[in-house]
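Going line by line, the protein sequences match chains A and B.
Mapping to our numbering: the first sequence position 56 is 56, numbers consecutive.
Mapping to our numbering: the second sequence position 13 is 1013, numbers consecutive.
This report refers to the structure that appears directly beneath it.
There are 2 protein chains.
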Amino acid sequence: MPTGHVMMAITLDGYVARKDHSLDWLMKQNTAGENHGFAEFLDSIDVIVMGSGSFRTVLGFDTWPYKKPVVVLSQSLTGADIPPELTGRVEVVALTPQDVMIEMENRGWQRIYVDGGAIVQSFLKLGLISDFKLAIVPILIGDGIRLFGDLTSDIDLKLTHTNAFPSGLVELRYKVV
Amino acid sequence: MPTGHVMMAITLDGYVARKDHSLDWLMKQNTAGENHGFAEFLDSIDVIVMGSGSFRTVLGFDTWPYKKPVVVLSQSLTGADIPPELTGRVEVVALTPQDVMIEMENRGWQRIYVDGGAIVQSFLKLGLISDFKLAIVPILIGDGIRLFGDLTSDIDLKLTHTNAFPSGLVELRYKVV
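If you want it as structure tokens, here you go:
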């Protein structure tokens, strides 16, 4: 089976975005000159799976940031919601997380970048996440979209790497045990 | 005015305890031989302020762990709820966070250890916390008492120290900017 991998920036209070999906709290960090390993992480994965919320946020960026294929998990979006210039690079599917993994396997994709709070929560609960590469951002925002949600049982983690950047971002990497 | 200081162990998903205040997830960590600086932190503060939930948890320990005076903020407990052997070491007050700080100042206490999820949240919202010394524990428990709650505005932090322990605990220290 393919494995799910998470790379996310979160506030110290655990949010990946405000309720309206905005990332202003992240964009304002003074991280110039820092290499947080995002490009290396993207090189290491075969496909990006995200929810419709993350998809809309990324669509709002000046340029589409991904070279790797993107699969949007959504019950509401259809192919008609994909801008023409992204045809062939982004597709919408309405599959369960398990069925997504089976579909990825059928395509020969092994390492899945699982992106977005709701999507990470659903994959994690099903045991489909192998590791986390988190950037803890030195801010508290009090409300928003959480990375972690309720679980059916505890999940033990193994810390595999830490790195503190001058901006105050702290990278923490964990494997799901 | 005195300053509020937080030292807490939290799960990676942001909980200081389960809903029933239990710390089994923390106690099971293999931290033998590690110095997390708890004794040094206690030496550095003048008084411990906690809520009734934390107080009941600490009462359940085999021995009372604190030499420093403890002030329990509670609207429901009274002096009669303090075990006789703790008389003179623990007192119950029904003050607001601001009035607690004024009372501490009147007593000449400058550095206040603010302990417990609900109490930290109320002090933080009022701008009464100066810094955090957190131990991020490598586990997700999915539900419990959160360290951070809603805020009236963002709180920017400055990372001042990090340290990763063999157990996988990561110490992160922040100053409230």
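The beta carbon of each residue, even a glycine, is placed where N, CA and C say it ideally should be.
Bear in mind that the values here come from a model prediction, so they are computed numbers and not experimental data.
Handout entry: Glu91 of chain A, DSSP secondary structure in three states
Key = Reduced to three states, the DSSP call for Glu91 of chain A is strand.
Handout entry: Neighbour-count burial assignment, Arg89 of chain A, 16 or more Cβ in a 10 Å radius
Key = When all chains shown are included, Arg89 of chain A counts as exposed.
Handout entry: Residue interval of the beta strand (DSSP E) (run including Lys1133 of chain B)
Key = Where Lys1133 of chain B is concerned, the enclosing beta strand (DSSP E) stretches over Ile1129 to Val1137.
Handout entry: Neighbour flag for Leu158 of chain A against chain B, beta carbons, 8 Å
Key = The sequence shown places Lys at residue 158 of chain A, not Leu. At least one chain B Cβ lies under 8 Å of Lys158 of chain A.
Practice task
Measuring alpha carbon to alpha carbon, tell me which of B:Ile1155, B:Thr1011, B:Leu1124 and B:Met1101 ends up nearest Lys1028 of chain B.
Solution key: Of B:Ile1155, B:Thr1011, B:Leu1124 and B:Met1101, the smallest CA-CA separation from Lys1028 of chain B is found for B:Thr1011.
Practice task
Answer yes or no: does any C-beta atom of chain B fall closer than 8 Å to that of Ile139 of chain A?
Solution key: Cβ-Cβ to chain B under 8 Å: yes for Ile139 of chain A.
Handout entry: Where the beta strand (DSSP E) through Asp156 of chain A begins and ends
Key = Per DSSP, the unbroken beta strand (DSSP E) holding Asp156 of chain A starts and ends at Ile155 to Ala164.
Exercise for the section: Examine the Cβ distances between the segment 12-19 of chain A and the segment 141-150 of chain A and report whether three or more of them are shorter than 8 Å. Expected result: Contact holds: three or more Cβ-Cβ distances are below 8 Å.
Problem - Proximity to Val1177 of chain B [Cα-Cα], best of B:Asp1150, B:Gly1127, B:Leu1134 and B:Pro1166 - result: Closest option to Val1177 of chain B, Cα to Cα, is B:Gly1127.
Practice task
With 8 Å as the threshold, decide whether the Cβ of Tyr1174 of chain B is near any Cβ in chain A.
Solution key: Output row for Tyr1174 of chain B: interface = yes.
Problem - Exposure of Leu1134 of chain B, with buried meaning 16 or more beta-carbon neighbours within 10 Å - result: So Leu1134 of chain B ends up on the buried side.
Exercise for the section: My understanding is that Lys68 of chain A touches Ile48 of chain A, with C-beta atoms under 8 Å, so please give their C-beta distance in whole angstroms. Expected result: In this structure, Lys68 of chain A and Ile48 of chain A form a Cβ contact; the two beta carbons are roughly 6 Å apart against a cut-off of 8 Å.
Handout entry: Selected residue, minimal CA-CA separation from Leu1157 of chain B, among A:Leu26, A:Glu103 and A:Thr3
Key = The shortest Cα separation from Leu1157 of chain B among A:Leu26, A:Glu103 and A:Thr3 belongs to A:Leu26.
Practice task
Would you give the residue range spanned by the alpha helix (DSSP H) that Lys1125 of chain B belongs to?
Solution key: Element bounds for Lys1125 of chain B: Gly1117 to Lys1125.
Problem - Partner residues on chain B for Ala265 of chain A, Cβ-Cβ distance less than 9 Å - result: Residue 265 of chain A is absent from the structure shown; chain A starts at 1 and stops at 177.
Problem - At least 3 beta-carbon pairs within less than 8 Å: the segment 1136-1143 of chain B vs the segment 1056-1076 of chain B - result: No, the segment 1136-1143 of chain B is not in contact with the segment 1056-1076 of chain B.
Practice task
Pick out whichever of B:Arg1056, B:Asp1046 and B:Pro1002 has its Cα sitting closest to the Cα of Val1092 of chain B.
Solution key: Nearest option by C-alpha distance: B:Arg1056.
Handout entry: Rounded C-alpha distance that separates Gly37 of chain A from Gly60 of chain A
Key = Approximately 22 Å, taken between the alpha carbons.
Handout entry: Cutoff 8 Å: Trp64 of chain A Cβ touching any chain B Cβ
Key = The beta carbon of Trp64 of chain A does not come within 8 Å of any beta carbon belonging to chain B, so the residue lies off that interface.
Handout entry: Distance, Thr96 of chain A Cα to Met1 of chain A Cα
Key = Approximately 15 Å, taken between the alpha carbons.
Problem - Buried versus exposed, by CB contacts within 10 Å (16 or more), Gln110 of chain A - result: Exposed, because fewer than 16 other Cβ atoms sit within 10 Å of the Cβ of Gln110 of chain A.
Handout entry: Residues of its chain near Thr31 of chain A, where Cβ-Cβ distance is below 8 Å and the 5 sequence neighbours each way are ignored
Key = For Thr31 of chain A, same chain residues with a beta-carbon under 8 Å away, outside a window of 5 residues either side, are Phe165, Ser167 and Leu169 in chain order.
Exercise for the section: Report the three-state DSSP secondary structure of Ile45 of chain A (helix, strand or coil). Expected result: It is coil, neither helix nor strand.
Problem - CA-to-CA distance, Asp1115 of chain B to Asp20 of chain A, given in whole angstroms - result: Cα to Cα, Asp20 of chain A sits roughly 32 Å from Asp1115 of chain B.
Problem - is_contact[Trp25 of chain A, chain B] using C-beta, thresh 8 Å - result: Yes, its Cβ sits closer than 8 Å to a Cβ of chain B.
Handout entry: Where Met1001 of chain B falls: helix, strand or coil (DSSP)
Key = Secondary structure at Met1001 of chain B: coil, using DSSP grouped into helix, strand and coil.
Problem - Residue-level contact to chain B via CB, Gly48 of chain A, 8 Å cutoff - result: Here the sequence assigns Ile to residue 48 of chain A, which means Gly is not the residue at that position. For Ile48 of chain A, the answer is no, since every Cβ of chain B falls outside 8 Å of its Cβ.
Problem - First and last residue of the uninterrupted beta strand (DSSP E) at Val1170 of chain B - result: Residue range Val1170 to Val1176 is occupied by the beta strand (DSSP E) that includes Val1170 of chain B.
Problem - Environment of Ser54 of chain A [buried if 16+ CB atoms lie within 10 Å] - result: The residue in question, Ser54 of chain A, is buried, as its Cβ has 16 or more Cβ neighbours within 10 Å.
Practice task
State the DSSP-derived secondary structure class of Ala1032 of chain B, mapped to helix, strand or coil.
Solution key: Secondary structure at Ala1032 of chain B: coil, using DSSP grouped into helix, strand and coil.
Exercise for the section: Using three-state DSSP, classify Gly51 of chain A as helix, strand or coil. Expected result: In this structure, Gly51 of chain A counts as strand in the three-state DSSP scheme.
Handout entry: Where the segment 139-155 of chain A meets chain B: residues whose CB sits under 9 Å from a CB there
Key = Correct list: Ile139, Leu140, Ile141, Gly142, Asp143, Arg146, Leu147, Phe148, Gly149, Asp150, Leu151, Thr152, Ser153, Asp154 and Ile155.
Handout entry: Distance, Val1006 of chain B Cα to Val58 of chain A Cα
Key = So the alpha carbons of these two residues sit roughly 36 Å apart.
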